[in-house]
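Residue numbers (the numbering used here): 137 to 492.
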């Protein structure tokens, strides 16, 4: 008699396999659960096998293929087992083939290495979260299998490359380290010679050594052409090549061609002032022979003379003073007119009658 706890008998059975879509259960494709007949549960109970989750080894004896899975329900017809279609593909099975199911125990895994079959999986914004959510529907992983991940109406197949401590591990209630291998269709980007910094061939670079280039250009041109070289250097110094470095994308795709650096003119000053405005602010220079002429021009225009280095706000001071004086002279006249208007009207001057 086998023990009640931890013990187990040698449960082995053969069934005809069909995909879970035959019983309108397509959601079972997102996992490794199978559906067995009720007789399998009776045999497992009689053998005192009550370890949960129950794990089984499913094998194709004809092609020497095997994998591992869990069980969801015992409601299938007698002699039939329903498997996810991706599992049937791994075992090279078709509808109605004979499959061998055997009860087994697996050690808890601590490491697994996965490899996407296509690089489209790298386009997912957060593949780690998607993988963690998907693996909750799985009870075990077997090296050599290709599991299915459905995300955003798209199917991704992930190969199980390596597992520890065994080639078949249980991932229920365990902390498992996950590592990724490059996708099968991933191609390393071709780098040209001297492109260690990630720049494209033919792109202008301005990352140092400009002084040495100028010196070499002067030496090659000679003393006779030194003036022309200086003029060319001065012309080049007027422009600045911003963000001339290069970069590579993490997914290996080519960078955009329209992001090439463009030369930008160097600004000479942050504030551009016209010569007339600067002369207006600074005023005439001291001791200038044409000072009398400028004074006459200023008096003719009504603008006061301004000292160098000072800026007077408020327009023409003389004109303002005269206008203010005229306004003050008119103010008393307005007050007298108001007093005369008040004298013309006296309140409560009507007559009245008594009621008696």
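Quick reminder that beta carbons are idealized off the backbone N, C-alpha and C, glycines included. None of these values were measured; they are calculated from a predicted model.
May I have the straight-line CA-CA distance separating residue i from residue j, to the nearest angstrom?
i: residue 201; j: residue 265; result: 31 Å
i: residue 393; j: residue 383; result: 12 Å
i: residue 317; j: residue 291; result: 19 Å
i: residue 171; j: residue 217; result: 6 Å
i: residue 243; j: residue 224; result: 24 Å
i: residue 287; j: residue 386; result: 22 Å
i: residue 308; j: residue 397; result: 53 Å
i: residue 489; j: residue 483; result: 18 Å
i: residue 199; j: residue 267; result: 30 Å
i: residue 147; j: residue 227; result: 20 Å
i: residue 195; j: residue 203; result: 6 Å
i: residue 260; j: residue 254; result: 12 Å
i: residue 231; j: residue 297; result: 27 Å
When DSSP labels each residue in this structure, what does residue i get in the three-state scheme?
i: residue 148; result: strand
i: residue 225; result: helix
i: residue 386; result: coil
i: residue 163; result: helix
i: residue 438; result: Here the model assigns residue 438 a pLDDT of 48, short of 50, so the residue's position is not dependable and the matter cannot be decided.
i: residue 248; result: strand
i: residue 155; result: strand
i: residue 395; result: helix
i: residue 342; result: Any answer about residue 342 is weak, because its pLDDT of 46 lies below 50 and its placement is not dependable; what the coordinates show is given next. In this structure, residue 342 counts as coil in the three-state DSSP scheme.
Within 10 angstroms of its Cβ, does residue i collect 16 or more other Cβ (buried), or is it exposed?
i: residue 281; result: buried
i: residue 188; result: exposed
i: residue 234; result: exposed
i: residue 323; result: exposed
i: residue 310; result: exposed
i: residue 247; result: exposed
i: residue 390; result: exposed
i: residue 271; result: buried
i: residue 327; result: exposed
Check each candidate in the options and name the one with the smallest Cα separation from residue i.
i: residue 249; options: 225, 295 and 272; result: 295
i: residue 150; options: 240, 308, 313 and 236; result: 236
i: residue 302; options: 327, 276, 288 and 286; result: 276
i: residue 167; options: 219, 198, 312 and 199; result: 219
i: residue 190; options: 196, 214, 213 and 241; result: 241
i: residue 197; options: 152, 297 and 185; result: 152
i: residue 229; options: 154, 263 and 207; result: 154
i: residue 212; options: 193, 321, 269 and 159; result: 159
Residue ranges of each beta strand (DSSP E) run of no fewer than 3 residues wholly in the segment 177-216, ordered along the chain?
191-196 and 201-209
Which complete beta strand (DSSP E) runs does the segment 252-320 hold, if anything under 3 residues is left out?
276-278, 282-287, 290-300, 304-306 and 313-316
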